[in-house]
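Shown next, in structure tokens, is the structure this report addresses.
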Amino acid sequence: MARLGLWHFPPLMLLLLLLGLFLDAAAAAGKGKKWGGDGGGLRFRREGGTFKVLQVADMHYADGRSTGCEDVLPEQVAGCSDLNTTAFLYRVLRAEDPDLVVFTGDNIYGADSTDAAKSMDAAIAPAIAMNIPWAAVLGNHDQEGTLSREGVMRHLVGMKKTLSRFNPEGVKIDGFGNYNLEVGGVEGTQLANKSVLNLYFLDSGDRSTVWWIPGYGWIKASQQAWFKQTSLSLQKNYRNEEPRQKEPAPALAYFHIPLPEFSSFTASDFTGVKQESISSPSINSGFFTTMVEAGDVKAAFIGHDHVNDFCGKLTGIQLCYAGGLGYHAYGKAGWSRRARVVSVQLEKTVSGEWQGVKSIKTWKRLDDEHLTTIDSEVLWNRGSNDSYEIAIPIEWTYIFRTATYLSVANCQGGAGRIMTEAEFRMGTASDASYSYLCTSCVLLVFSIVIVRIKKEQDALSNVTLCKWAWMSKENVCNVCAVWALPL
């Protein structure tokens, strides 16, 4: 039999055949292709339409069996070690079966570790052994041992099953471990190849590197610039690429040290407990405002203060502690170590198609006999009417430190030397220093007043504009220095 070639088909039939092949290829590209987002293949589950994250904070792992426990009951002391931390992590991983584990810093306690790399391997081992993807950021203790801060992060990104990244490629940025992950929709659905949930990870630093600013580090301007650009790009793609979406995909942020805004709550404003002061930086670098302006972050999760485990909502963003998990970390005798779970739920159409994110829920697991679940709550619902009210603490030490920090950060060529706090109080600084400082203070107070009066989300633009105008080189008023001294 003669072989049948394409030229034997009538032109119309050939055209229809080619069109059919094209449509098949297009369909395969849409629903059948593997999710290639920046997230190592993370996606929502078809069964239930969920994506679950387990947050592990402050393990403070050191040398395993030879490392004792802190702040446990007298009857728990004997035989208690880092292995208790490992055992609890295994228990909660089996119970929750998360899609991702996030280690939010102080994963090891470097000062007590004889080999930082081995300690980190042992700390993360349960997630690897159970074949669960994981990501990590650094705390303020990880680098205190045999590896530098950079060295610790390089070790993390080389470990098995990790989705951790050293830093975004081609970006000049402060710190180590600033990156984002994308979570794709359910395979085979219209949103299979779109990131329907975004995760941001940032290095909040360890200690302040500015000699006259005491305390902990903060999220720097370069990190915020990267965050804003990444958020803008993700939102643009989500809205403009087919199938187009009306609202941005929600996002979660993970870092170690609490922002100053974590101090904004009273006991009636949050779910959970506050049993110690908020150990935030002594200056406010503005990252909370940056997140609010971006509009996609619905919750930020931290560690650092081990016996705080609350979530409180401020300006549309939930600010959440995890509570300490590690037994070598300080805690409170009789108060169970714990971990935070976040479950993100997709919306389902009448026809059974999984859509974008519908809600974000959270709860905590305790290391007790029953692995008790507590404080279950909804952090966010799509379509909920968030009330935007900026809560900025009017506290003069805060104003002084924030204003002078921003003045230093924006001062070009050292034209105006910034005074110390002692000079500020004694009135012995130069006229130029007072000019710079009072410009900063006046504009800061002015921005706070605007926000307090308007109580609208768009008032944030005043804060942003003011933030960049704080370092005006004009001597706006000589009286300002006299006015500021008694505060």
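For the sequence shown, position 255 matches number 255 in the UniProt record's numbering, and the numbering has no gaps at all. Note that CB positions come from ideal geometry on N, CA and C, so glycine has one too.
- Going by DSSP, F301 is part of no alpha helix (DSSP H) but of the beta strand (DSSP E) stretching over 297 to 302.
- Within 10 angstroms of the beta-carbon of V56 lie 16 or more other beta-carbons, which makes it buried.
- Boundaries of the alpha helix (DSSP H) around T230: 221 to 240.
- For S359, the secondary structure class from DSSP, reduced to helix, strand or coil, is strand.
- Ranked by Cα distance from Q245, the first of F166, G334, L191 is L191.
- As the crow flies, the alpha-carbon of G383 is around 15 Å from that of K348.
- Secondary structure within the stretch 130 to 218: the beta strand (DSSP E) runs of 3 or more consecutive residues, fully enclosed, are 134 to 137, 179 to 184, 195 to 201 (chain order).
- Between C80 and I302, the alpha-carbon positions lie close to 26 Å from each other.
- Within the same chain, Cβ atoms closer than 8 Å to the Cβ of V72 are found at C80, Y327, G331, A333, the five residues on either side in sequence being excluded.
- The beta-bridge partner set that DSSP reports for E377 consists of T362.
- Straight through space, the alpha carbons of P126 and Y90 are spaced by roughly 6 Å.
- Assignment of N84 by DSSP, reduced to helix, strand and coil, places it in the helix class.
- Beta-carbon to beta-carbon, V92 and R365 are separated by about 5 Å, close enough to satisfy the 8 Å threshold.
- Here the alpha carbons of I124 and D269 stand approximately 34 Å from one another.
- Under the three-state reduction of DSSP, I257 is assigned to coil, being neither helix nor strand.
- E182 counts as buried, since at least 16 other C-beta atoms from the protein chains shown sit within 10 angstroms of its C-beta.
- In the structure shown, the three-state DSSP call for G110 is helix.
- Q229 counts as exposed, since fewer than 16 other C-beta atoms from the protein chains shown sit within 10 angstroms of its C-beta.
- Rounded to the nearest angstrom, the gap between the Cα atoms of L42 and V344 is 13 Å.
- S233 counts as exposed, since fewer than 16 other C-beta atoms from the protein chains shown sit within 10 angstroms of its C-beta.
- Membership of E247 in any beta strand (DSSP E) is not indicated, and neither H nor E is assigned to it by DSSP.
- For secondary structure counted as the beta strand (DSSP E) over 3 or more consecutive residues, the stretch 44 to 95 holds these complete runs in sequence order: 50 to 56.
- DSSP, reduced to helix, strand and coil, places F288 within a helical segment of the structure shown.
- Linking S164 to V137 through their CA atoms gives a straight-line distance of about 8 Å.
- Annotated three-state conformation of F103 is strand, per DSSP.
- Secondary structure at K348: strand, using DSSP grouped into helix, strand and coil.
- Look at the beta carbons and you see the stretch 213 to 231 not touching the stretch 147 to 162: under three pairs across the two are nearer than 8 Å.
- Just so you know, the alpha carbons of E70 and G324 end up roughly 12 Å apart.
- K332 carries a coil assignment under DSSP once its states are collapsed to helix, strand and coil.
- CA-CA distance, Q76 to G295, rounds to 46 Å.
- The continuous beta strand (DSSP E) containing Q318 extends over residues 317 to 321.
- Within the same chain, P248, D296 come within 7 Å of Q235 by CB-CB distance, once the 5 residues on both sides are set aside.
- Here A78 is exposed. Its C-beta has fewer than 16 other C-beta atoms within 10 Å.
- Rounded to the nearest angstrom, the gap between the Cα atoms of A339 and A322 is 6 Å.
- With respect to the 9 Å criterion, P260 and N237 are not classified as neighbours on the basis of their beta carbons.
- Excluding the 5 residues flanking it on each side, P243 has same chain C-beta neighbours closer than 6 Å at Q190, in chain order.
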